Structures are given as C-alpha cells and as structure tokens.
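Engineer: Numbering (my numbering), first residue to last: 2 to 270. The beta-carbon is built from N, C-alpha and C at its ideal position, and this holds for glycine as well. Only a predicted model underlies this, so the values are computations on that prediction, with no experimental measurement involved.
(1) Evaluate contact between the segment 91-106 and the segment 28-47, counting only Cβ atoms and requiring at least three cross-stretch pairs below 8 Å.
(2) Exposed or buried, residue 70, counting other C-beta atoms within 10 Å across all chains shown (16 or more means buried)?
(3) Under the assumption that residue 235 contacts residue 215 (Cβ atoms under 8 Å), give the Cβ distance between them as a whole number of angstroms.
(4) Secondary structure at residue 2, three-state DSSP: helix, strand or coil?
(5) Kindly provide the ranges of any beta strand (DSSP E) runs that are 3 or more residues long and lie completely inside the segment 134-158, ordered along the chain.
(6) In terms of residue numbering, what span does the alpha helix (DSSP H) encompassing residue 246 cover?
(7) Might you give, ordered along the chain, the residues of its own chain that have their beta carbon closer than 7 Å to the beta carbon of residue 203, omitting 5 neighbours on each side?
(8) Is residue 171 buried or exposed, if buried means 16 or more other CB atoms sit within 10 Å of its CB?
(9) Under a Cβ-count criterion, where at least 16 other Cβ atoms within 10 Å of its own Cβ denotes burial, should residue 107 be classed as buried or exposed?
(10) Does the beta-carbon of residue 9 have 16 or more other beta-carbons within 10 angstroms, so that it is buried, or is it exposed?
(11) Comparing alpha-carbon positions, which option in 152, 32 and 100 lies nearest residue 56?
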C-alpha cells in the first residue's frame, strides 16, 4: 500500500523536488502539501507548482485543512514552522522526516522533546554521499590525530538563509567528537584583522553564498608537508530529495525514537 505523504514547505526548492519525485514513485501518494499562512502558493495545485500535471492536491496552511488522511510528513521549511508542525504531528502520532536546518540549541531541544512519542528522522543533509562523508571525515580525524589542522569550507546559493550550513556543523561535530573537543570553543567561524596564530584545537568553519550553487563541502586536513581534502559537490537537489523519500520509507516502520540518515543507511556503528 502506498505511503500517504504530506510535504511541508512544498513551494520551496526542496519541497517541489520531493513532490515531483514522490509523484513518480508508486510507493507514495501525495496526501497533502503545506505552506505558511499567507504564502502565495496557498490554494494552488501542488503538481502544477512542482512543474507536473495537476495532482488534485491543493496547498494548505495546516494539517487540519487537508482533505485526506496521511501516514507521514516530510518537512523542509524553517525552524518556527517545523516546531509548530511537529507539535501537531506528535499529537496525531505521525512519523516525520525533517531536513530543516538553522535551529538554535533551544529550538532543537524543544523539537526533540516534543517528538519523543513518534519515530522521526532529523538530518541536516539527506544525501547518501554526504552521509558517507560524515563517516569518512570522522574516521580521517581519528587516523591523522591532532597534528593536522582542520578547515571546513561550504558554499551554497545566494538565497540560503542560515550559515554555516547544517552539514558543515555536522561535519565539525563529528571531527570534534573524535578529537575530544567541545565544538562550541573549538569552532572558528571565519577570521578577520590580526587573529594571531592558529590554535591547535581550532576547527575552521567557513561559508560562501553565491549564485545558484546547490551545495559544496570541503573538509581540509593540513599537516606538515601535505594536505588531504575530502570534497562533496551536489549537482542537483534530486539527491537530497531521493534521500528524504528513502528516509520516509524507512521511518514508517520504526518504533518511536530519534533517528538520522546514518540509521536509515545502515552506517551507524
């Protein structure tokens, strides 16, 4: 039986691609499309917005406005919208896949606490390649040790609202964990003026915003006389959308709990 899916943030870049790919997958049926109150997409057909034939699903402002039942929610929106939707999903005991980034520490805690009774995949990046990069970068940090400086450079399109990216922060967290560092004190978000010599425990995290770059992440390990670079470049948003749909298929069969793409892909050690 097809999974009846609701897409939150449907009119955004990711929401449109998720809608398009889900409509082509026989394991899904689009049951709802959501956008913020006052959004110009409200009332429009989700298929038309996604560049497809009309799907007979109108964009609504809340779950209570949907015309059919649903099995799961995939969310790529903004923190405030995600938090509000999560409260309703928890009340209805519906699984969620959340790709929204830019949460503050308190917002993330509120989100996780509020979703304790349902299965939820919370991941800053749904790409298979990026999640393999998370694993590899942490392993390299362990193998090379403290004698190699680490810099993370990310680049995205000019419209991305948060910086650095959730992916860059996740990379930094994994490296900091391997080195026994507290990222809050180790992170250096750019340099200016005369900051002095680089600290041994520093992890540089630098962000660029330009043009229509889908997403690029480079992890640089620089040591005496050599450097190692790990690079991931996304050429299309479809890899993120496909990963999100893969996560939905996985999470609907899981018990209540907090998961990420490492669980979905079987990369958890």
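Structural biologist: Based on what the coordinates show:
(1) no
(2) As a working mapping, residue 70 is identified with position 69 in the chain shown. Its Cβ having fewer than 16 others within 10 Å, residue 70 is exposed.
(3) The count along the chain shown starts at 1 and reaches residue 235 at position 234. The count along the chain shown starts at 1 and reaches residue 215 at position 214. The Cβ separation is near 4 Å, so the contact holds.
(4) For the purposes of this step, residue 2 is taken as residue 1 along the chain shown, with counting starting at 1. Of the three classes helix, strand and coil, the one that applies to residue 2 here is coil, per DSSP.
(5) 150-157
(6) To locate residue 246, count along the chain shown from 1; it is residue 245. Its alpha helix (DSSP H) spans residues 239-252.
(7) Numbered from 1 along the chain shown, position 202 holds the residue referred to as residue 203. Here the set comprises 187 and 189.
(8) For the purposes of this step, residue 171 is taken as residue 170 along the chain shown, with counting starting at 1. Classification of residue 171: buried, given that the 10 Å Cβ count is 16 or more.
(9) To locate residue 107, count along the chain shown from 1; it is residue 106. With fewer than 16 Cβ atoms within 10 Å of its Cβ, residue 107 is classed as exposed.
(10) Your numbering for residue 9 matches position 8 in the chain shown. Burial call: buried.
(11) As a first step, residue 56 is located in the chain shown; it is residue number 55 there, counting from the start. Checked all of 152, 32 and 100; the closest Cα to residue 56 is 32.
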